[in-house]
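As you go down the protein sequences, you meet chains A and B in turn. For the record, in the first sequence the residue sitting at position 13 is 31 according to my numbering, with numbers rising by one throughout. For the record, in the second sequence the residue sitting at position 131 is 137 according to my numbering, with numbers rising by one throughout. Working notes for the structure below.
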Amino acid sequence: MRLLTHNYMQSTVKGTERGYPLKIEATKIEFEASPFDAEFIQALLPKIDYTTLLFALKQISENGNADLAQTIIPELPESIKEDGEGEVDEALLKKLHTVMFDIHVVEGELVCPDTGRRFNIKMGIPNMILHADEL
Amino acid sequence: MSRPELTGHASSFYNEKEARKYDSSSRMIGVQREITERAIELLRIPEGKPGFILDVGCGSGLSGKVLEEQGHIWVGCDVSRDMLDVANERIERKREGVINAARKKQNDDLDEEKMQDDDSDDDEDEEPCASTGDLLHHDMGSGLPFRPATFDGCISISALQWLCYSNAKGQIPKKRLTRFFSSLYQVLRRGARAVLQFYPETAEQAILISECAAKVGFAGGVVVDYPNSTKAKKHYLVLTFERAFKAPEGLSEGSLFGSGKRESVRVDRKANNKKGKVHKKKWGKTKDWIVNKKDVQRKKGKDVRPDSKYTGRKRGDRF
């Protein structure tokens, strides 16, 4: 599961106030480089929740992933500053690309912030199947 | 051959063996690819503009592959874990392909540096791209676990009809369909479209699906490609937010449907249009026939009741 996907996921269990953003308890993360398209990332920026992205990064850096996390997660600013034309510096775009697309949570759990409901992640695939009483 | 939907839950039909069979069948790959390309065409995303697409019932990732080739990022969900595992393997193979290609390029670059050759662009076309898809193990009938206005588009290939069959206690198709569509309505961006290819078993099913979609606020219609061929006939439910939507023509003779849901669905071309037809008794049971039969019996010498005004009169329903 990429952090880009995590940025959009929320819990739809019955009775959940908001269910977003989901906390990540990652037991295994992986890094895999992918082709970088500056224009695409630039266009994607306004659509993602940056605070959630930073939150997710912080989460996966804990839990024994700290070593790997330190090597692959780049430093990101608190907020994204655009220059005069509304464009973002390419180096920053590259870092954002790495964070959103190249980091995969392979094993772990997603936790709903409101209800504490846990969703298991196995082989990079989160299990979002709801039980009959959660609908 | 019965429909897979009648055998049970989707995750039990698409078990490990079936998933492998499905994914390795070149015919299946070809068909699914064609359907996906048509669905993406109906999505009407501007050329060259990559989008964030939801693939409902993504299965082993055959449709996701086509989305990737067209430059989109996608998230797929499926209720069958076995199918998702097969999709994962495909992504793994691609990943290895990327890593190997990268290594090869590195080695080539090193060689070229030694030869002081600047032309290192030869390999670029051969390099496979890493997969741009993410997978979710999820049941579409329970809604979609995403923030509102997430996706630029949604496709679904050969999956929607599974919602019409109840596989567990308390599963009501209409409820699941409504839940799915209302959730879809929320997670799509305004101006986005959903194109859902499905195999309706009956006209009623297609109508049920369309009505559930209309109830939650979608506009749109069903596009039918090749309506005359039983094998090639494909139904695409195209859903939009634009009230003035006009469904595009289906392929071949093209069955053009308006935006009204009820009249836009025609699964069985031989379905009788009973408008204006006088209700006629089935062959053999008219009053004339009865009187005739009684005559024949009388000639045979059997004991037959005399004809009266009650002969062959319409009786009420038994229950």
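Built from N, CA and C at the ideal position, the CB exists for glycine as well. In this text the structure is predicted, and so the values were computed from the model without any measurement.
- Non-local beta-carbon contacts of Thr317/B in its own chain, meaning distances under 7 Å to residues more than five positions away in sequence, involve Lys293, Ile296, Val297 in chain order.
- Scanning the stretch 127–194 of chain B for uninterrupted alpha helix (DSSP H) segments of 4 residues or longer gives 179–193, listed from N- to C-terminal end.
- Under the DSSP definition of a beta bridge, Gly226/B partners with Leu245/B.
- In this structure Thr42/B is in contact with Val72/B, their Cβ atoms being roughly 4 Å apart against a cut-off of 8 Å.
- With 16 or more neighbouring CB atoms inside 10 Å of its own CB, Glu74/B falls in the buried class.
- The distance from the Cβ of Leu90/B to that of Ile147/A is about 12 Å, inconsistent with a contact at the 8 Å cut-off.
- When C-beta atoms of the stretch 181–196 of chain B are compared with those of the stretch 27–42 of chain B, fewer than three pairs fall below 8 Å, so the two segments do not count as touching.
- Apart from the 5 residues on each side of it in sequence, Arg153/B sits with its Cβ closer than 8 Å to the Cβ of Val193 in its chain, given in chain order.
- Rounded to the nearest angstrom, the Cβ distance from Leu183/B to Leu214/B is 7 Å, consistent with a contact under 8 Å.
- For the stretch 46–111 of chain B, the continuous beta strand (DSSP E) assignments of 3+ residues that do not extend past its boundaries occur at 58–62, 79–84, in sequence order.
- Annotation: the continuous beta strand (DSSP E) that includes Lys46/A extends over 41–49.
- Pairing Glu125/A with Lys46/A gives a Cβ-Cβ distance under 8 Å.
- The continuous alpha helix (DSSP H) containing Glu57/A extends over residues 56–62.
- Exclusion of the five residues before and after Ala74/A leaves Leu21, His24, Asn25, Pro39, Ile42 as the residues of its chain whose Cβ lies within less than 8 Å of its Cβ.
- Contact between Ile46/B and Ile161/B holds, since their C-beta atoms are separated by about 7 Å, short of 8 Å.
- Following the DSSP letters along the chain, one finds Phe251/B in no beta strand (DSSP E), marked with neither H nor E.
- Counted as a single uninterrupted DSSP element, the stretch harbouring Asn81/A is not any beta strand (DSSP E), since DSSP gives it neither H nor E.
- Runs of the alpha helix (DSSP H) lying entirely within the stretch 93–127 of chain A, each at least 4 residues long, are 108–115 in chain order.
- In summary, Pro151/B is buried, with 16 or more beta-carbon neighbours lying within 10 Å of its beta-carbon over all protein chains present.
- Under the three-state reduction of DSSP, Ala212/B is assigned to helix.
- The closest CA to that of Ala150/A, considering only Gln177/B, Ser69/B, Lys305/B, is found on Gln177/B.
- For the set Asp145/B, Phe157/B, Arg50/B, the Cα lying nearest the Cα of His15/B is the one of Asp145/B.
- Between the alpha carbons of Ser148/B and Lys320/B lies a distance of about 49 Å.
- With contacts defined as CB atoms closer than 8 Å, Phe58/A and Asp120/A fail to qualify as a contacting pair.
- Within the same chain, and ignoring the five residues on either side of Thr70/A in sequence, the residues whose Cβ sits closer than 7 Å to its Cβ are Asn25, Pro39.
- Spanning the alpha carbons of Lys55/B and Ala165/B requires a straight line of approximately 26 Å.
- For Arg26/B, the uninterrupted alpha helix (DSSP H) segment begins and ends at 22–30.
- Identification of residues in the stretch 133–152 of chain B having a C-beta nearer than 8 Å to some C-beta of chain A yields Cys135, Ala136, Thr138, Asp140, Leu141, Leu142, His143, His144, Asp145, Ser148, Gly149, Leu150, Pro151, Phe152, given in sequence order.
- The Cβ-Cβ distance between Glu217/B and Gln167/B does not fall below 8 Å.
- Interface residue (Cβ-Cβ distance to chain A less than 8 Å): Gly176/B is classified as such.
- Judged by DSSP in its simplified three-state form, Asp67/A adopts coil rather than helix or strand.
- Interface with chain B (8 Å Cβ-Cβ cutoff): Gly126/A is excluded.
- By the Cβ rule, the stretch 242–250 of chain B counts as touching the stretch 223–230 of chain B, because three or more pairs are nearer than 8 Å.
- The residues Lys112, His115, in chain order, have a CB closer than 7 Å to that of Phe54/A in the same chain once the five nearest residues on each side in sequence are set aside.
- Relative to the Cα of Ile139/A, the nearest Cα in the group Gly139/B, Asn113/B, His143/B, Cys170/B belongs to His143/B.
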